[in-house]
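Down below is the structure, laid out as structure tokens.
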Amino acid sequence: MPLVNMKKMLIDAVDGGYAVGAFNILDYNSMRAVIDCAKELNAPVIVQTSVKTVKLWGQKAMASWARELCDSCAVPVALHLDHCTDVDYVAQCIDHGWSSVMIDASAQSFETNLEWTTRVVGMAKPHNISVEAELGAIVGVEDDIFVQERDAHLADPDLSEQFCQAVDIDCFAPAIGTAHGIYKGEPVIAYDLIESITKRTRIPLALHGGTGLSDEVFKKCIALGCAKINISTQLKHVFIDSFVEYVRDHSTEYNPLKPLASQYDALKQNIAEKIILFGSAGKAGQEKM
């Protein structure tokens, strides 16, 4: 199956009460782990690529990996560009075959965010490419944010509605209290805000900062309209730890393929747990025509 965009899989997820996992890959091995896991679980999946990762391996190489891995794949797979703050770089990824892109202009003014997003939508839609945009500040856990400042970083429901009415996006990432990285304490999720934005925008929401959230938090966010859940930091830890642990336990063995195989297996196990938790296992065959 060729690469698909996110639009249909996310609409189906909202209607079905589940979420699609968006897993940030780091190389061919991790991309293979995501797609193979989705095939085994018959689940739609989003292969998510950070700008740093794309710049390391190159747009042509990464797009070719995805196309090759999806040649024999019967489940829907989207190749998604994550958190890109450069409209020109989004255009380059569109030209190289990404099926979905995110323009992150959340650090800009509302007007600039809307302008940049409108430009990206204009580039993407003629090529059947889905677009995600962000409003508010989805901070990193390392950022020095005081509790009393928390609300200043959350998405405004009025502006969220205005934004989503003004531009034809397929996925909306409002800041709702999550953060990128490993949480130092218990995150405070604005569930009322998720519910309000879902009702007012009627667009599938993306939950960023998924690493470290409890099963209960995931399930509640999914029930309120979060149809795309990003997992990045967790996979980075598994990617490194599984390789290092194998080398540590087999210190006299110098066969690079064996730690790579161990890494692949560990990634697949971690990804499978999330796909099952999000409720998307078995849903690839239930897509509405």
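The working numbering puts the first residue of the sequence shown at 3, with every later residue one more than the last.
Ideal placement from N, C-alpha and C gives every residue a C-beta, glycine not left out.
Just so it is clear, the structure is predicted and the values come from calculations on it, not from any experiment.
May I have the straight-line CA-CA distance separating residue i from residue j, to the nearest angstrom?
{"i": "CYS75", "j": "PHE245", "result": "27 Å"}
{"i": "ALA68", "j": "PHE241", "result": "19 Å"}
{"i": "PHE148", "j": "HIS155", "result": "Per-residue confidence for PHE148 stands at a pLDDT of 36, beneath the threshold of 50, marking its modelled position as unreliable; no derived number is given."}
{"i": "TYR185", "j": "GLY214", "result": "Because TYR185 carries a pLDDT of 44, less than 50, the predicted location of this residue cannot be relied on, and no value is offered for it."}
{"i": "VAL89", "j": "VAL122", "result": "7 Å"}
{"i": "ALA168", "j": "TYR266", "result": "42 Å"}
{"i": "GLN94", "j": "GLU70", "result": "20 Å"}
{"i": "ILE105", "j": "GLU218", "result": "29 Å"}
Between which two residues does the beta strand (DSSP E) carrying residue i extend?
{"i": "CYS75", "result": "Counting along the chain, CYS75 falls outside any beta strand (DSSP E), and DSSP gives it neither H nor E."}
{"i": "LEU207", "result": "207-209"}
{"i": "ALA175", "result": "173-176"}
For residue i, does the three-state DSSP call read helix, strand or coil?
{"i": "ILE273", "result": "helix"}
{"i": "GLU255", "result": "coil"}
{"i": "GLY138", "result": "coil"}
{"i": "LEU215", "result": "coil"}
{"i": "LEU232", "result": "One detail in the question is off: residue 232 reads as Asn in this sequence, not Leu. ASN232: strand per DSSP, three-state reduction."}
{"i": "MET104", "result": "strand"}
{"i": "THR51", "result": "strand"}
{"i": "VAL56", "result": "helix"}
Around the Cβ of residue i, are there at least 16 other Cβ atoms within 10 angstroms (buried) or fewer (exposed)?
{"i": "PRO4", "result": "exposed"}
{"i": "LYS285", "result": "buried"}
{"i": "GLU144", "result": "At GLU144, the pLDDT of 36 sits below 50, so the modelled position is not reliable and the matter cannot be decided from this model."}
{"i": "LYS276", "result": "buried"}
{"i": "MET257", "result": "In the sequence as displayed, the identity of residue 257 is Asn instead of Met. By the neighbour-count rule (16 or more Cβ atoms within 10 Å), ASN257 is not buried but exposed."}
{"i": "PRO128", "result": "exposed"}
{"i": "ASN232", "result": "buried"}
For the alpha helix (DSSP H) containing residue i, list its first residue and its last residue.
{"i": "ILE196", "result": "193-203"}
{"i": "GLY124", "result": "112-126"}
{"i": "ALA168", "result": "159-168"}
Would you verify that the beta carbon of residue i is, or is not, closer than 8 Å to some beta carbon of chain C?
{"i": "SER264", "result": "Judged by its chain identifiers, the structure shown contains no chain C, having just a single protein chain."}
Given 8 Å as the limit, is there contact between the segment 16-35 and the segment 264-272, that is, 3 or more CB pairs closer than that? Contact between the segment 16-35 and the segment 264-272 is present: three or more C-beta pairs spanning the two stretches fall below 8 Å.
Does the contact criterion of 3 or more C-beta pairs under 8 Å hold for the segment 110-130 versus the segment 42-54? no
Could you say if the segment 93-101 and the segment 21-32 meet the contact criterion of at least three C-beta pairs nearer than 8 Å? no
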